[in-house]
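Notes follow once the structure below has been shown.
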Amino acid sequence: MSNVRRLPGPIADLWDWQRLGLCRGRDSAQFFHPDGERGSARNRREAKAKTMCGTCPVRAECAAHALAVREPYGVWGGFSESERLRLLAVGWEDLADRHGRVDLVRLEARLGRPHKSAVPAQRQAPAA
1234 MSNVRRLPGP IADLWDWQRL GLCRGRDSAQ FFHPDGERGS ARNRREAKAK
1284 TMCGTCPVRA ECAAHALAVR EPYGVWGGFS ESERLRLLAV GWEDLADRHG
1334 RVDLVRLEAR LGRPHKSAVP AQRQAPAA
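Each residue of the sequence shown is one higher than the one before, counting from 1234 in our numbering.
As structure tokens, then:
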């Protein structure tokens, strides 16, 4: 369950980002697993959700919100439940700004996954 004491107060500006999310008005089943979902079915659903999150204009706000309130369920800001638990364990607060956003590139680096905009390393040609 979410820790509601950690939720921001009822100031509209703090929540305004939610109306700009690509997920707004969509079926929430894409972002939240049904009871008993495991394995490849869960991985496929999470991958679809993360793909949508990847192009969302408020992804940084969404990820910061989910981490700040310790959201226990679903994909938020492109991060699964287990990924958020890992980020909570290693720390993420130093990557947040005063506007309620988080540095996504550095957040993903803490998980050991490359940011989608990262350029893959070039392979070195074998020595002649």
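Backbone N, C-alpha and C define an ideal beta-carbon position, used for all residues, glycine too.
State the Cα-Cα distance for the pair residue i and residue j, rounded to the nearest angstrom.
{"i": "residue 1305", "j": "residue 1319", "result": "12 Å"}
{"i": "residue 1326", "j": "residue 1336", "result": "10 Å"}
{"i": "residue 1254", "j": "residue 1288", "result": "10 Å"}
{"i": "residue 1299", "j": "residue 1286", "result": "13 Å"}
{"i": "residue 1330", "j": "residue 1338", "result": "14 Å"}
{"i": "residue 1238", "j": "residue 1261", "result": "24 Å"}
{"i": "residue 1284", "j": "residue 1346", "result": "15 Å"}
{"i": "residue 1248", "j": "residue 1276", "result": "29 Å"}
{"i": "residue 1271", "j": "residue 1236", "result": "25 Å"}
{"i": "residue 1354", "j": "residue 1342", "result": "In this predicted model, residue 1354 has a pLDDT of only 36, less than 50, meaning its place in the structure is not dependable; the value taken from the coordinates is given anyway. Looking at the two C-alpha atoms, the distance is approximately 15 Å."}
{"i": "residue 1279", "j": "residue 1250", "result": "22 Å"}
{"i": "residue 1252", "j": "residue 1273", "result": "31 Å"}
Taking 6 Å as the cut-off, does the CB of residue i come closer than this to any heavy atom belonging to the ligand NAD?
{"i": "residue 1274", "result": "The ligand NAD is absent from the structure shown, which contains no ligands of any kind."}
Specify the secondary structure class of residue i as computed by DSSP and reduced to three states.
{"i": "residue 1251", "result": "helix"}
{"i": "residue 1353", "result": "Any reading at residue 1353 needs caution, since the residue's pLDDT is 37, under 50, leaving its predicted position unreliable; the model's value is listed next. The answer is coil: DSSP assigns residue 1353 none of H, G, I, E or B."}
{"i": "residue 1323", "result": "helix"}
{"i": "residue 1338", "result": "helix"}
Would you decide whether residue i is buried or exposed? Buried here means 16 or more other CB atoms lie within 10 Å of its CB.
{"i": "residue 1259", "result": "exposed"}
{"i": "residue 1332", "result": "exposed"}
{"i": "residue 1291", "result": "buried"}
{"i": "residue 1324", "result": "exposed"}
Check this for me: beta carbons of residue i and residue j, under 7 Å apart or not?
{"i": "residue 1282", "j": "residue 1308", "result": "yes"}
{"i": "residue 1294", "j": "residue 1334", "result": "yes"}
{"i": "residue 1328", "j": "residue 1340", "result": "yes"}
{"i": "residue 1322", "j": "residue 1310", "result": "no"}
Would the region 1264-1272 count as touching the region 1305-1319 if we require 3 or more Cβ pairs under 8 Å? yes
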